[in-house]
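Chains as they are written, first to last, in our numbering: chain P, 151 to 407; chain G, 10 to 306.
Using N, Cα and C, we set each Cβ at its ideal position, and we do this for glycine too.
Reading through the structure tokens given below for one structure.
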Amino acid sequence: MPTLSPSASLLPIPGGAVQIGVRAGAHMIRSVNITKIYRGNVVALRDVSIDIIKGEFVFLVGPSGSGKSTMMRLILREDQPTSGEIYVAGKNVAQLATWKVPALRRNIGCVFQDFKLLPNKTVFENVAFALEVIGVSRGVIRRQVPEVLELVGLGDKAPHLPDELSGGEQQRVSIARAFVNRPQILIADEPTGNLDPTTSIEIMKLLDLINRRGTTVLMATHDHAIVDAMRRRVIELDKGIVVRDQERGVYGYGAQV
Amino acid sequence: MAIKIDYALQESATNIRRNMFITVAAILVVGVSLFLGGSALLLQHATARASDQWTSQVEVAVFLTNDISPDERTQLQNDLTAMPEVARVTYESKAQAYERFKRLFANQPDIVNNTSPDALPESFRVKLKDPHNFGVIRDRLDGRPGVYQIRDERQTVHELFKATETQRKMSFWNAIIVFIAATILIATTIRMAIFSRRKEIGIMKLVGATNWFVRIPFMLEGVVQGLIGGVVAVCILLLPPVRSLLSSTGPQLAFSQSFRFQVTYGDIILYGSFMIAAGMLIGVLGSLFGLRRFLDV
């Protein structure tokens, strides 16, 4: 059993039976010795243990093929680990029944490098889609979507189609979609990968804003400049192994103190 | 989680509109397959009914020789009437037989002109209480002077139905094959609809849509295709020329006009509702097959 981190032990434990829930209240994402081996003996992750506390902003860095994407897929339960346990928002994702996966994903917002917007839906509809799909009523959609569009600075773009927007604006739409139902966790896979540095900074400001509102953010990235500028926790993977886990870190080893 | 009906309906409508061409193809294949299958079943049904009716109506014919004397004839009639197995005996003279013959071959005057009224034998038409007792009657009358031939016309009917039976069985199996083909085609259209929307489905699943939420619009689409296909098939069957064509493929009795093989509108309505239900079943099955692979994420 892994030891409780200091921040978790500060929390009162109301009863023995719900210990895991309490621990998860502090640990938003916790992996315990997970190993993922793809077919053909390709080891994507080897014995990875990560603790991410509620409200943290964490960069996941490392070269291509280091296991960042696999980690993301496991958190979203798009895939299951070969061995080990992974808790997300209090649920043991590795053993989660298939029918419970939708409920898990409603707690996790996702942002991708390629935005994944629906080209034939307007900005408003794209964001509303995330709510429609989980059965939110029209009235709530009409209230929440403009609110979140305002938050990402696109209040006036609601009736536009995605291809009428710049890349940065499209990424804001996708962030709005990820955040519209106020998930506990936001996962961003190379969200600035397709954007120029200035736009990237705008996107990072937005993710920082969302993080300050209490959402735990896990962001996989290659972008040195951003990681160095943000000075947040950095977890580095290399060939499936955690080689660095550093508070207020920077991208490369060279800059390590 | 409650799935909103208006959402599902709207999604299916959009899908059908987007994939109009393939949707029309699927509807037509369902329509054709149900038309074929339905006609096979209709024929089966009408044939079974005709077989029952005709068998209960046809009689044993006792043909008489030309040299039978009036006494022998009266005696024979009395004996027949006295038999416990016999329900009714009617006499048909040469003239009456000729009348019937003329009526039957009205469209072939050559045959009528070349046949003299004298050439047709007079006969007793014997209706049995139980048609299975034909053997008893035959044994009793066989070889009796004045009796030329005893024929069970039920046998003729049976042979007639047997001749068309293979054909009916074949068309039934054809229909089954086309039914399967229609299911596969619906599966394909659904799969294409899914393929063109896999990005959307991926996002739906990512933001936490349940499988049923994703599935239901597609299933609805399949059901609508099957339903329309079924209605198309019934409409084709209801066209008068189609109905008479169908009726003409059934067994026909040459010797009597009262035995006209008919597929009635009642039959079509009865089997039509079944066909429409089958169409919807094809739609559900097809869409489930089409969806299977896409949802295990």
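Under the Cβ criterion (8 Å, minimum of three pairs), the stretch 20 to 33 of chain G counts as touching the stretch 219 to 234 of chain G. Look at residue 227(P) here: in three-state DSSP terms it is coil, with no helix or strand label.
Of the candidates 314(P), 208(P), 231(P), 221(P), the residue whose Cα lies closest to the Cα of residue 245(P) is 231(P). Leaving aside the five residues that flank residue 86(G) on each side, the residues in its chain whose CB is nearer than 7 Å to its CB run, in chain order, 98, 100, 133.
Taking a contact to require three or more Cβ pairs closer than 8 Å, the stretch 105 to 113 of chain G and the stretch 155 to 173 of chain G do not qualify as touching. Classified as buried, residue 284(G) has 16 or more neighbouring CB atoms from the shown chains inside 10 Å of its CB. When 8 Å is used as the limit between beta carbons, residue 309(P) is near no residue of chain G, the shortest such separation being about 19 Å. The beta carbon of residue 273(P) sits no closer than 8 Å to any beta carbon of chain G. Residues of chain G whose Cβ lies closer than 9 Å to the Cβ of residue 255(P) are, in chain order, 214, 215, 216, 217, 218. In the DSSP assignment, the residues bridged to residue 395(P) are 385(P). For a Cβ distance threshold of 7 Å, residue set 268 of chain P lies close to residue 209(G), ordered along the chain.
Distance from the CA of residue 193(G) to the CA of residue 21(G), rounded to the nearest whole angstrom, comes to 19 Å. Proximity of the stretch 248 to 258 of chain G to the stretch 279 to 292 of chain P falls short of the contact definition, fewer than three beta-carbon pairs being nearer than 8 Å. Rounded to whole angstroms, the gap between the alpha carbons of residue 300(P) and residue 294(P) is 10 Å. Between residue 199(G) and residue 296(G), the gap from beta carbon to beta carbon is short of 8 Å. Listed in chain order, the alpha helix (DSSP H) runs fully inside the stretch 332 to 385 of chain P are 347 to 362, 374 to 380, counting runs of at least 4 residues. Neighbours of residue 222(G) in chain P, taken as residues at a C-beta separation under 9 Å, are given in chain order as 252, 283, 284, 285.
Between the stretch 385 to 393 of chain P and the stretch 215 to 222 of chain P there are three or more C-beta pairs closer than 8 Å, enough to call the two in contact. Cα atoms of residue 344(P) and residue 265(P): separation of roughly 9 Å, rounded to the nearest angstrom.
In the displayed model, residue 310(P) falls within coil according to three-state DSSP, outside both helix and strand.
The contact set of residue 244(P) on chain G, defined by CB atoms closer than 7 Å, is empty, because the minimum CB distance reaches about 16 Å. Only residues of its own chain outside the window of five on either side were considered, and among them 130, 132, 157, 158 have a CB closer than 6 Å to the CB of residue 72(G), listed in chain order. Classified as exposed, residue 78(G) has fewer than 16 neighbouring CB atoms from the shown chains inside 10 Å of its CB.
The continuous stretches of beta strand (DSSP E) do not include residue 31(G), which lies in the alpha helix (DSSP H) extending over residues 29 to 66. Each residue's CA atom was taken as its position, placing residue 385(P) and residue 210(P) some 5 Å apart.
Under the DSSP definition of a beta bridge, residue 233(P) partners with 185(P). Going by DSSP, residue 194(P) is part of the beta strand (DSSP E) stretching over 192 to 203. In chain P, no part has a C-beta under 9 Å from the C-beta of residue 280(G); the shortest such distance is about 40 Å.
For residue 280(P), the nearest beta carbon of chain G is closer than 8 Å to its own beta carbon.
Here residue 323(P) carries a helix assignment [DSSP, helix/strand/coil]. For residue 16(G), a Cβ of chain P is located within less than 8 Å of the residue's own Cβ.
Inclusion of residue 271(G) and residue 282(G) in the CB contact set at 8 Å is not warranted, their separation being larger than that value. Distances from the CA of residue 50(G) to each of 124(G), 165(G), 181(G), 30(G) were compared; the closest alpha carbon is that of 181(G). Contact annotation, residue 179(P) with residue 335(P): C-beta distance approximately 7 Å; criterion of less than 8 Å satisfied. Between the C-alpha atoms of residue 304(P) and residue 339(P) there is a straight-line separation of about 22 Å.
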